[in-house]
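Numbering (our numbering), first residue to last: 83 to 724.
Glycine included, each C-beta is placed from N, C-alpha and C at the ideal position.
Predicted, not measured: the structure shown is a model, and the values here were computed from it.
Take a look at the structure set out below.
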């Protein structure tokens with residue numbers, strides 16, 4: 083990790099500003115070490131596409147970055163309303179960063195609703211670019227503006243740039259055979275061109291993307307490219323934008339390698355494919371579409387050439403049932419869902435525990451309960467993953483920490499499932515799934531060997547010397563039972579959810595046998611080999627902040643701020659939540675105070691307090707958004723000083 087780059091001046095928000103330079107005949111160019119931009123508009127204004135394209139060009143330029151897409155919870159909220167606002171936040175820098183940023187330096191507001199929904203996050207002095215064409219009396223009244231915020235002085239504390247984006251876009255496309263409505267749809271590309279000029283972003287990738295996206299509609303492709311170029315030229319020629327900005331590539335932030343920008347869901351899909359190749363098993367996904375997990379189904383369906391089979395089932399139960407059947411048949415089986423789907427899948431997960439077959443249950447967590455907040459993030463499924471089944475049905479739980487880490491977490495979940503013959507929960511969330519960051523593409527030799535040995539013949543000798551196959555005769559090291567592919571001669575065996583006799587797998591109602599099997603299944607999970615938890619504690623702190631999943635970025639950013647201010651604080655982050663790392667108890671006992679920030683009401687803290695009898699303090703947030711670094715830094719500082 084690299085520290086922030088120093089330079090002559092630092093703004094109150096932490097953005098470091100360097101010298102201005104002005105080549106002959108050009109506008110001023112100011113160097114920054116990081117910028118936070120938020121695009122916001124109606125859900126039909128293309129803000130996610132605009133943000134994606136700006137992000138892709140930023141990644142190709144070599145900056146470190148982190149993104150936060152934010153969608154309306156409704157499929158199509160009423161246009162121009164606060165619930166219909168869609169936004170995309172991007173934090174990019176010339177050094178290592180961890181979060182999408184606390185407060186934007188720049189807001190692009192496509193309408194009054196976008197301005198009102200986001201102005202509360204803007205620090206004084208920030209730049210605000212507004213599409214003045216949308217600030218009609220009716221549009222402003224719809225969101226509660228009695229007077230125009232562009233004229234009543236309420237924005238005097240900001241650098242306001244009023245730009246008639248719609249009019250300028252229509253004017254730029256007047257040579258195209260488009261209706262006014264069709265031309266107006268390209269205003270997001272005009273805005274993208276303006277911001278690309280403003281921050282010296284490359285343009286070739288976006289133009290290539292537009293040509294590919296609209297390959298069957300070349301006139302639309304040409305119109306979008308024209309709008310994009312017009313936005314760039316507007317920034318170059320208008321007097322309202324006197325300064326442009328440069329953010330140098332983050333050359334020191336990354337180890338050598340080939341990088342690409344990747345979202346959590348895409349990284350997870352690639353991780354599943356890599357796991358299937360490393361295990362030399364076909365990959366089967368049985369799934370039902372659900373936000374925010376559906377992108378994994380979409381992506382895996384594109385990779386039949388890697389032996390991937392995807393089945394979009396009629397419901398959640400059918401999806402996991404098909405996946406469990408594929409596991410029985412010898413595939414690396416996966417089912418993807420979110421919290422409501424986990425509830426429906428719980429009976430089949432219990433069946434997978436009883437059958438002791440490898441199955442990956444990928445839960446992209448979202449706000450609940452019930453339908454809750456489908457497009458917002460939360461970490462509230464941990465206890466559901468741990469205990470949400472009837473009977474004693476223990477399941478390992480693995481959680482990635484960043485979008486790119488979803489790749490490695492998928493490989494780790496597959497390792498555990500295949501080695502120990504068990505279903506495994508992989509707990510991502512909406513923040514990781516939709517967010518993105520640079521990812522170093524690993525070399526094939528760096529990937530783990532997940533090769534599986536199927537049962538090939540008898541594995542037990544009876545007292546009379548007869549050789550037979552016992553489906554529940556266990557590996558003495560892992561307690562895993564043999565994996566016998568149906569159709570293998572001599573390996574016919576009984577299967578089902580009723581309790582099995584130890585070894586033979588025959589139906590058993592014997593109380594002692596049931597007690598033994600329950601304890602054995604628990605011992606198998608308890609004995610899973612997971613790495614010790616690593617503690618980052620350079621100063622011998624008395625306070626430890628313990629996190630899991632997507633809180634890693636905000637926690638680490640907060641810890642950095644505290645240490646920079648001279649405070650001693652330790653940090654540890656859990657990937658394995660069941661079983662916990664074997665050294666976790668010893669680690670926790672070394673500290674006077676343990677703080678557990680979570681996007682729930684204290685689920686990990688509950689588990690830690692119960693298992694280790696440690697007085698862990700919870701800090702909780704359930705507003706559908708990730709923690710902010712400054713917010714956590716304030717809380718942790720109070721804990722240290724308390």
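Nearest residue (CA-CA) to residue i, options the options
i: residue 704; options: 288, 459, 273; result: 459
i: residue 226; options: 253, 193, 205; result: 193
i: residue 562; options: 497, 245, 620, 710; result: 497
i: residue 322; options: 257, 276, 222; result: 276
i: residue 265; options: 273, 396, 254; result: 254
i: residue 726; options: 415, 419, 403; result: Nothing about residue 726 can be reported from this structure: the residues present for the chain run from 83 to 724 only.
i: residue 172; options: 186, 159, 165; result: 186
i: residue 341; options: 723, 141, 672, 596; result: 141
i: residue 514; options: 410, 491, 593; result: 491
i: residue 180; options: 206, 599, 710, 404; result: 710
i: residue 626; options: 672, 269, 584, 262; result: 672
i: residue 148; options: 117, 382, 579; result: 117
i: residue 695; options: 677, 143, 150, 667; result: 667
i: residue 565; options: 559, 410, 533; result: 410
i: residue 292; options: 278, 307, 281; result: 307
i: residue 539; options: 526, 553, 267, 528; result: 553
i: residue 533; options: 603, 501, 303; result: 501
i: residue 197; options: 178, 175, 467, 221; result: 221
i: residue 579; options: 146, 431, 676; result: 431
i: residue 249; options: 444, 269, 232, 525; result: 269
i: residue 139; options: 217, 289, 177, 219; result: 289
Residue range of the beta strand (DSSP E) that includes residue i
i: residue 675; result: 675–680
i: residue 328; result: 325–329
i: residue 630; result: 625–630
i: residue 521; result: 518–522
i: residue 390; result: 390–394
i: residue 169; result: 167–175
i: residue 348; result: No beta strand (DSSP E) contains residue 348, which is instead part of the alpha helix (DSSP H) from 346–361.
i: residue 422; result: Residue 422 -> not in any beta strand (DSSP E); alpha helix (DSSP H) instead, spanning 421–437.
i: residue 149; result: 146–152
i: residue 376; result: Residue 376 -> not in any beta strand (DSSP E); alpha helix (DSSP H) instead, spanning 376–382.
i: residue 503; result: Residue 503 -> no beta strand (DSSP E), and no H or E assigned at all.
i: residue 111; result: 110–114
i: residue 366; result: 365–369
Host alpha helix (DSSP H) of residue i (start-end)
i: residue 410; result: 398–410
i: residue 268; result: Element bounds for residue 268: n/a, residue is neither H nor E.
i: residue 598; result: 593–608
i: residue 465; result: 464–469
i: residue 701; result: Taken as a continuous stretch (DSSP letters only), residue 701 belongs to no alpha helix (DSSP H), being part of the beta strand (DSSP E) at 699–702.
i: residue 136; result: 129–143
i: residue 315; result: 300–319
i: residue 286; result: 286–295
Anticipated Cβ contact below 8 Å, residue i with residue j, distance rounded
i: residue 210; j: residue 189; result: 5 Å
i: residue 412; j: residue 612; result: Incorrect: roughly 26 Å between the Cβ atoms, too far for contact.
i: residue 144; j: residue 332; result: 6 Å
i: residue 505; j: residue 550; result: Residue 505 to residue 550, Cβ: 27 Å. No contact.
i: residue 133; j: residue 455; result: At roughly 20 Å, the Cβ-Cβ gap does not stay under 8 Å, so residue 133 and residue 455 are not in contact.
Outcome for residue i when other beta-carbon atoms lying within 10 angstroms are tallied against a minimum of 16
i: residue 414; result: buried
i: residue 98; result: At residue 98, the pLDDT of 45 sits below 50, so the modelled position is not reliable; the number obtained from the coordinates is stated separately. So residue 98 ends up on the buried side.
i: residue 85; result: Its pLDDT being 32, under 50, residue 85 is placed unreliably in this model, and the value from its coordinates should be taken loosely. Burial call: exposed.
i: residue 648; result: exposed
i: residue 536; result: exposed
i: residue 582; result: buried
i: residue 723; result: exposed
i: residue 478; result: buried
i: residue 520; result: buried
i: residue 228; result: exposed
i: residue 544; result: exposed
i: residue 523; result: exposed
i: residue 106; result: Here the model assigns residue 106 a pLDDT of 44, short of 50, so the residue's position is not dependable and the matter cannot be decided.
i: residue 428; result: buried
i: residue 137; result: buried
i: residue 294; result: exposed
Per DSSP, the bridge partner or partners of residue i
i: residue 191; result: 122, 212
i: residue 508; result: 444, 480
i: residue 486; result: Bridge partners of residue 486: none, in fact.
i: residue 158; result: None, per the DSSP bridge assignment.
i: residue 549; result: 543
i: residue 341; result: 522
i: residue 654; result: 617, 628
i: residue 244; result: 212
i: residue 513; result: Per DSSP, none; premise fails for residue 513.
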